[in-house]
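Just so we're aligned, residue 26 is where the first sequence starts under my numbering, counting upward by one. Where is the CB? At the ideal position from N, CA and C, for every residue including glycine. Heads up: the structure comes next, in structure tokens.
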Amino acid sequence: MKLKNSYFFTLREDVKDEDSASSNMLCRAGFIKKSSAGVYMMLPLGMKVMHKINAIIRDEMDKTGCQELLMPALIPEDVYIASGRREGFGHSMFALKDRKGQDYVLGPTHEELFAIAAKMKIQSYKDMPFSLYQIETKFRDEPRPRYGLIRVREFQMKDSYTFDKDEEGMDEAYAKQFNAYKNIMDRLHLNYKIVRADTGVMGGLLSEEFQALTPIGEDTLVLCDNCDYASNIEVSPVVSTQNTEEEKTLEMVETPHCKSIEEVSEYLHIPQNRCVKALLMNVKDTLTICFVRGDRELNESKILKLLGANEINFADDELIATSNAVPGFTGPIGLNAKIVVDQEVLKMKNFCCGANKEGYHYINANPKDFKYDYCGDIVNVLEGDICPVCGGKIHFAHGIEVGNTFKLGTKYSKALNLQYLDANNTLQYVWMGSYGIGPARAMAALVEQNVDENGINWPKDIAPYPVAIVIISDRDEEQVKLGNAIYDEFVQKGIEPILDDRSERPGIKFKDMELIGIPYRITVGRKAKEGIVEIKPRIGDAIEVKAEDAFNTLRELLNN
RNA sequence: CGGAAUGUAGCGCAGCUUGGUAGCGCACUUCGUUAGGGACGAAGGGGUCGCAGGUUCAAAUCCUGUCAUUCCGACCA
26 MKLKNSYFFT LREDVKDEDS ASSNMLCRAG FIKKSSAGVY MMLPLGMKVM
76 HKINAIIRDE MDKTGCQELL MPALIPEDVY IASGRREGFG HSMFALKDRK
126 GQDYVLGPTH EELFAIAAKM KIQSYKDMPF SLYQIETKFR DEPRPRYGLI
176 RVREFQMKDS YTFDKDEEGM DEAYAKQFNA YKNIMDRLHL NYKIVRADTG
226 VMGGLLSEEF QALTPIGEDT LVLCDNCDYA SNIEVSPVVS TQNTEEEKTL
276 EMVETPHCKS IEEVSEYLHI PQNRCVKALL MNVKDTLTIC FVRGDRELNE
326 SKILKLLGAN EINFADDELI ATSNAVPGFT GPIGLNAKIV VDQEVLKMKN
376 FCCGANKEGY HYINANPKDF KYDYCGDIVN VLEGDICPVC GGKIHFAHGI
426 EVGNTFKLGT KYSKALNLQY LDANNTLQYV WMGSYGIGPA RAMAALVEQN
476 VDENGINWPK DIAPYPVAIV IISDRDEEQV KLGNAIYDEF VQKGIEPILD
526 DRSERPGIKF KDMELIGIPY RITVGRKAKE GIVEIKPRIG DAIEVKAEDA
576 FNTLRELLNN
């Protein structure tokens, strides 16, 4: 690309309304531009990077024997009603009507259509295994788009689907895809962790996430100091220990105006982890009161799973009035409401909890003092908790979910009646897996991991162009001639460079190439007449080479 | 969906309290000087002040409504 006569611009100042290093830099460097909330234009430089990322993804998918196709984005709503997911996605689905009044949605993910496609092919067990993928635009009406390309409402996703006749086959297909995902992450040079995760709205048997590590990541990852345990906090089990001290006598004490657990803890000089707090929730319009250790927080996925519910909210005053609970002083003893107790609470002794009486708490409460309806692990782990695998200590990290793999089992084949005849001539359901990667998220995550005060620092294979040839002065004929000659040689030999042939001062050209993150710069300057140019990496010192050696030297640098 | 804020030139902002010729920096155009790390001088071009309604002789400014964007929550692959 020759910059003169190209669509190329950079911004000197930070961009308002961009809230992360990656989105700010990508906007300043002219890769992307926000169009509306959570919707971006992908500009030419951004497209270059997307193509490189997608090429790696396609290569690894093709290697597993996965075949590429393309599904529509515009899909009749019925398809999702049939699978039972229309309700599950709810408002996060973009919905519209055609001129005849027919209901359509814009696809948020495509299990249904792939199952329908599979139906056209699968009749017998001999028709499997096979796998399909696409790179397509997905639409999800996120309540709160954020962090540039990281949480958006319209985005490209590579999604693949595997079809097998039994669980064993699915496991094998999963392993192949999983391995391809590892290769993709490695080739993208992402710093990532693979963690166990909740299956969420996808359903199924197993979900693992490929998480790019960065402090702005929206997911909390639970890692062990000692072993390689790695899990998304939403499914990390809490390992609790039985308190063995002797039970004391239950006693009601005055705690005037102490509503929060912090206030109670401070007033009574009892640490928060020796208190039990109440969370007054609304589950299916029933007041559901959860009791957890004072310093814990409720884990939404865990409690929904325990109760078999889809949604949980805080209870309103009206709902609270259906019981004798006193907000701020709610305790499990003598409480007439649906009670869910965290398993850890049952191992506590002589704890403090609300007395269901304004201004009073109990001390020395014990599990034998109250009844409950449900018990389970319903809280988040904390840093310093015990690793469920090795007993070591756990710590947190934050990640961006770049990829996700699911063993779906027969959930969708059952919903959509995807069956085959086995060797005994009986109908069986197909076993499916689904696998997603967000290429633009990967791009944003890469920038988050590779950015400094001068701009982006792309990995060599991902950069929009691996090298920029900078002509110091466009009024120096020899420089212009040599710069163009080197450019032509590179193009002819298969490396596509940028040629900065603009009439700008050198400083501007250097700054721009650093901002957009070109890994190497060939500077054609004052020694051009001697046939000597400089090669400078994005970070590091320049070397001088003869112009005729520039290509080979650079190829070496790119390959090492 | 709750709480808060902001919409003024391509980008970043001031002006609004106290109504009276629409401004600054960057970017852009022309000329000159400059030329290996975001130059300097001079002269210029560019804006339905988010939109609609109201008050007023007069509205970027005051009032009402509305839309959009952002932040904190809730929510979320």
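Sub-9 angstroms separation of residue i and residue j beta-carbons
i           : j           : result
residue 304 : residue 323 : yes
residue 387 : residue 366 : no
residue 541 : residue 480 : yes
residue 156 : residue 186 : yes
residue 431 : residue 246 : no
residue 580 : residue 174 : no
residue 459 : residue 244 : no
residue 164 : residue 107 : no
residue 434 : residue 229 : yes
residue 68  : residue 470 : no
residue 136 : residue 468 : no
residue 352 : residue 395 : no
residue 59  : residue 48  : yes
residue 427 : residue 235 : yes
residue 166 : residue 419 : no
Alpha-carbon spacing of residue i relative to residue j, whole angstroms
i           : j           : result
residue 314 : residue 348 : 10 angstroms
residue 182 : residue 253 : 29 angstroms
residue 271 : residue 372 : 12 angstroms
residue 110 : residue 81  : 31 angstroms
residue 564 : residue 416 : 42 angstroms
residue 211 : residue 255 : 18 angstroms
residue 537 : residue 75  : 20 angstroms
residue 86  : residue 96  : 17 angstroms
residue 506 : residue 45  : 41 angstroms
residue 344 : residue 312 : 6 angstroms
residue 438 : residue 38  : 52 angstroms
residue 511 : residue 532 : 21 angstroms
residue 384 : residue 397 : 24 angstroms
residue 449 : residue 160 : 38 angstroms
residue 583 : residue 486 : 8 angstroms
residue 120 : residue 138 : 17 angstroms
residue 66  : residue 463 : 16 angstroms
residue 327 : residue 260 : 7 angstroms
residue 29  : residue 499 : 11 angstroms
residue 393 : residue 335 : 31 angstroms
residue 263 : residue 411 : 8 angstroms
residue 18  : residue 288 : Nothing can be reported for residue 18, as the shown portion of the chain is limited to 26 through 585.
residue 179 : residue 32  : 24 angstroms
residue 144 : residue 203 : 24 angstroms
residue 248 : residue 219 : 10 angstroms
residue 62  : residue 497 : 40 angstroms
residue 409 : residue 297 : 16 angstroms
residue 523 : residue 118 : 41 angstroms
residue 268 : residue 282 : 30 angstroms
Selected residue, minimal CA-CA separation from residue i, among the options
i           : options               : result
residue 125 : 505, 294, 101 and 523 : 101
residue 222 : 192, 193, 202 and 258 : 258
residue 265 : 385, 104 and 407      : 407
residue 54  : 70, 418, 282 and 503  : 70
residue 381 : 362, 393 and 392      : 362
residue 354 : 279, 411 and 325      : 279
residue 320 : 165, 250 and 378      : 378
residue 551 : 235, 107, 584 and 495 : 495
residue 152 : 489, 194, 179 and 392 : 194
residue 206 : 306, 83 and 144       : 83
residue 587 : 89, 172 and 570       : The first residue shown for the chain is 26 and the last is 585, placing residue 587 beyond what the model contains.
residue 518 : 359, 302, 577 and 508 : 577
residue 509 : 225, 267 and 573      : 573
Presumed contact (8 angstroms Cβ cut-off) between residue i and residue j, rounded CB distance
i           : j           : result
residue 168 : residue 177 : Actually they are not in contact, since the Cβ atoms of residue 168 and residue 177 sit about 13 angstroms apart, beyond 8 angstroms.
residue 575 : residue 543 : Wrong, their Cβ atoms sit about 15 angstroms apart, outside the cutoff.
residue 370 : residue 332 : With a Cβ gap of about 17 angstroms, residue 370 and residue 332 do not count as contacting.
residue 389 : residue 375 : 5 angstroms
residue 190 : residue 453 : 7 angstroms
residue 300 : residue 290 : 6 angstroms
The ligand GTP heavy atom lying under 8 angstroms from the CB of residue i
i           : result
residue 356 : Of the ligands one can find in the structure shown there are none, so the ligand GTP has no counterpart to examine.
message: Counting beta carbon pairs with one atom in the region 233-240 and one in the region 473-487, are three or more of them shorter than 8 angstroms?
response: yes
message: Whether or not the region 88-106 and the region 127-134 are in contact is what I'm after, with contact meaning three or more pairs of Cβ atoms, one per stretch, closer than 8 angstroms; do they touch?
response: yes
query: Counting pairs of Cβ atoms below 8 angstroms between the region 439-446 and the region 145-161, do you hit three or more?
result: yes
- prompt: Would you call the region 518-531 and the region 558-573 in contact, with 3 or more CB pairs under 8 angstroms?
  reply: no
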